[in-house]
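J.: Questions regarding the structure given below will be posed in turn.
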Amino acid sequence: MKIGIAGNGKIVREMIGAAKTVAGISIEAICSRAQSKAKAEKIAQECNISKVYTDYQKMLSDSDIDFIYVAVSNNVHYQYTKQALEAGKNVICEKPFTVKASETEELIQIAKDKHLFLFEAITVIYAPNYQYIKDNLKEIGTLHYVHANYAQYSSRYDKYLNKEVTPAFSPESAGGALYDLNIYNLHFIVGIFGMPKNIIYRANLGFNGIDTSGTALLDYDGFTVVCSAAKDSESVSGIVFQGEKGYMRLEGATNECALIRVNKKGETEKIVSKERYNHRMINEFIAFEQMFKQQDYKTCYENLDHSMMVMKVLEQARESGNLEF
Ligand SMILES: NC(=O)C1=CN([C@@H]2O[C@H](COP(=O)(O)OP(=O)(O)OC[C@H]3O[C@@H](n4cnc5c(N)ncnc54)[C@H](OP(=O)(O)O)[C@@H]3O)[C@@H](O)[C@H]2O)C=CC1
Ligand SMILES: O=C1CO[C@H](CO)[C@@H](O)[C@@H]1O
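Each residue of the sequence shown is one higher than the one before, starting from 1 at the first, in full-length UniProt numbering.
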């Protein structure tokens, strides 16, 4: 799996560190807009990447590359991914897939038509602890309440308060708490329970109309799920599943899926900590490499069906929260 990276931001360094630990993956090139060439050059130098591009089309015509990792701001995921697929490259696209559900639908169709791999870089669905909860949730009996909360005071929020808007807080870049953090809760919940019957989103809007935090309510048969996320305040993050026979709690940030506590009536607490690597992105890159090596389009396209469902939920939440992008 020979990867060319589009982007030079915070996640790119993390991805390089994680992907480099996976056998079978190499990073061939990095591409940045001309105005930010220096940032890409610095990453290339520090991370030992041999090629730096400032022209995306040139990177797309590089025959040493078979995958593009799209790690630019959310509003340009669609454009970058579409161009890559049309150039015959497989793509790993950062979360959230696109701004609109119809864009994701179109990308999936192009990938299928061209028989290419298309992965959403979403840690959650590749985490062993997510799979554990999915497989074992029935142990706690009939569910009545689920609450997911991912609250992390953003390293960019102080700038935002000083009216310096980074992509993570910009409506033009499709940033905000729903698209940046609550997306992880939605992947987790939709991955387990499927499409909700009804979705509403109530946002706390900042001075530029971005949701700095907010809560989505997802109605399922017999129970409601609360999905909250905050970039403007810190709290205890996690997901609680409450059933008639007990409760299960995923501890910590939803994208980490670090630890599960299972408490069943009359039993001592069970702690589950399935195999984890020292970076949350390693599991997903192992899975991508395996699917590519085994030419496992079936799993890839099943995961795309899941991403598509999440995009529909995300879009309904955005519309219900009156977010202006
Ligand atoms: N999987 C994970 O754990 C994480 C995923 N992410 C995702 O990664 C992506 C990038 O986030 P992050 O690295 O934090 O963002 P940064 O704000 O650090 O970087 C933004 C990147 O987007 C580029 N960019 C911004 N606007 C445009 C544009 N109009 N056209 C082309 N490129 C543009 C910037 O390039 P330039 O320098 O030229 O402006 C820069 O490379 C997001 O989609 C985010 O959701 C982020 C963090 C964690
Ligand atoms: O996806 C993400 C996960 O964590 C980050 C914070 O550390 C977020 O900012 C980010 O966009």
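All residues carry an ideal CB built from backbone N, CA and C; glycine is no exception. What you are looking at is a predicted structure, and each value in this text was computed from that prediction instead of being measured.
1) Taking Cβ positions, are G246 and I140 nearer each other than 8 Å?
2) So which of P171, D211 and K197 has the shortest CA-CA distance to G151?
3) Taking just the CA atoms, how far does G191 sit from Y301?
4) Could you tell me whether the stretch 106-113 touches the stretch 78-95, where touching means 3 or more Cβ pairs closer than 8 Å?
5) Is the beta carbon of I25 closer than 8 Å to that of I5?
6) With DSSP collapsed to three states, give me the class of A174.
7) So, does the stretch 66-76 touch the stretch 6-16, judging by three or more C-beta pairs under 8 Å?
8) List the whole-angstrom C-beta distance separating F241 from L143, where the pair is believed to meet the contact cut-off of C-beta under 8 Å.
9) Go through its chain and collect everything with a Cβ distance to I183's Cβ below 6 Å, but skip five positions before and after it.
10) Using alpha carbons as the reference points, say which of E284, K312 and V313 lies closest to T299.
11) Can you tell me which of the three DSSP states C227 falls into?
12) Go ahead and pull the three-state DSSP assignment for D113.
13) Which residues in the same chain have their Cβ closer than 6 Å to the Cβ of K134, if we skip the five residues on either side of it in sequence?
14) Using a threshold of 7 Å, is the CB atom of T123 nearer than that to any non-hydrogen atom of ligand 1?
15) Under the three-state reduction of DSSP, which class applies to A84: helix, strand or coil?
16) I'd like to check one pair, A127 with C257: are the Cβ atoms closer than 8 Å?
17) Indicate, with yes or no, if ligand 1 has a heavy atom lying under 7 Å from the CB of R249.
18) Taking the CB atoms as reference points, tell me whether G214 and L178 lie closer together than 8 Å.
19) Measure the CB-CB distance between Q83 and Y56 and report whether it falls below 8 Å.
20) Would the beta-carbon of H279 fall within 8 Å of that of G17?
21) Can you check which of these residues, T123, N185, N48 and D219, is closest to Y277 by C-alpha distance?
22) Along the chain, where does the alpha helix (DSSP H) containing Q57 start, and where does it finish?
T.: For this structure:
1) Position 246 of the sequence shown holds residue 246. Position 140 of the sequence shown holds residue 140. It is a contact, given that the beta carbons lie within the stated cut-off.
2) For this step, residue 151 is matched to residue 151 along the sequence shown. Checking the sequence shown, residue 151 turns out to be Ala, not Gly. Ranking P171, D211 and K197 by Cα distance to A151 puts D211 first.
3) Sequence index remark: in the sequence shown, residue 301 carries index 301 (1-based). Sequence index remark: in the sequence shown, residue 191 carries index 191 (1-based). Going from the Cα of Y301 to the Cα of G191 covers about 14 Å.
4) yes
5) Within the sequence shown, the letter at position 5 stands for residue 5. Within the sequence shown, the letter at position 25 stands for residue 25. It is not a contact, given that the beta carbons lie outside the stated cut-off.
6) Translated into positions along the sequence shown, residue 174 becomes position 174. A174 falls in the coil class under three-state DSSP.
7) yes
8) Sequence index remark: in the sequence shown, residue 241 carries index 241 (1-based). Sequence index remark: in the sequence shown, residue 143 carries index 143 (1-based). Right, their Cβ atoms sit about 6 Å apart.
9) As a first step, residue 183 is located in the sequence shown; it is residue number 183 there, counting from the start. Cβ within range, chain order: K95 and P96.
10) Here residue 299 refers to the residue found at position 299 when the sequence shown is read from its first residue. Considering only alpha carbons, the answer is E284.
11) To locate residue 227, count along the sequence shown from 1; it is residue 227. Correct three-state label for C227: strand.
12) Along the sequence shown, one-based indexing puts residue 113 at 113. The answer is helix: DSSP assigns D113 an H, G or I state.
13) Position 134 of the sequence shown holds residue 134. Closer than 6 Å at Cβ, skipping near neighbours: I192.
14) As a first step, residue 123 is located in the sequence shown; it is residue number 123 there, counting from the start. The answer is yes for T123.
15) Within the sequence shown, residue 84 is the residue found at index 84, counting from 1. A84 falls in the helix class under three-state DSSP.
16) Indexing the sequence shown from 1 puts residue 257 at position 257. Indexing the sequence shown from 1 puts residue 127 at position 127. Cβ atoms of C257 and A127: closer than 8 Å.
17) Translated into positions along the sequence shown, residue 249 becomes position 249. Not so, every heavy atom of ligand 1 lies at least 7 Å from the Cβ.
18) Your numbering for residue 214 matches position 214 in the sequence shown. Your numbering for residue 178 matches position 178 in the sequence shown. Result yes, Cβ atoms of G214 and L178 sit closer than 8 Å.
19) On the sequence shown, residue 83 is found 83 positions in, with the first residue counted as 1. On the sequence shown, residue 56 is found 56 positions in, with the first residue counted as 1. It is a contact, given that the beta carbons lie within the stated cut-off.
20) Here residue 279 corresponds to residue number 279 of the sequence shown, with the count starting at 1. Here residue 17 corresponds to residue number 17 of the sequence shown, with the count starting at 1. Yes, they are a contact pair.
21) Within the sequence shown, the letter at position 277 stands for residue 277. With distances taken between Cα atoms, Y277 lies closest to T123.
22) What you label residue 57 is simply residue 57 of the sequence shown in a count that begins at 1. From DSSP, the alpha helix (DSSP H) with Q57 extends over Y56 to L60.
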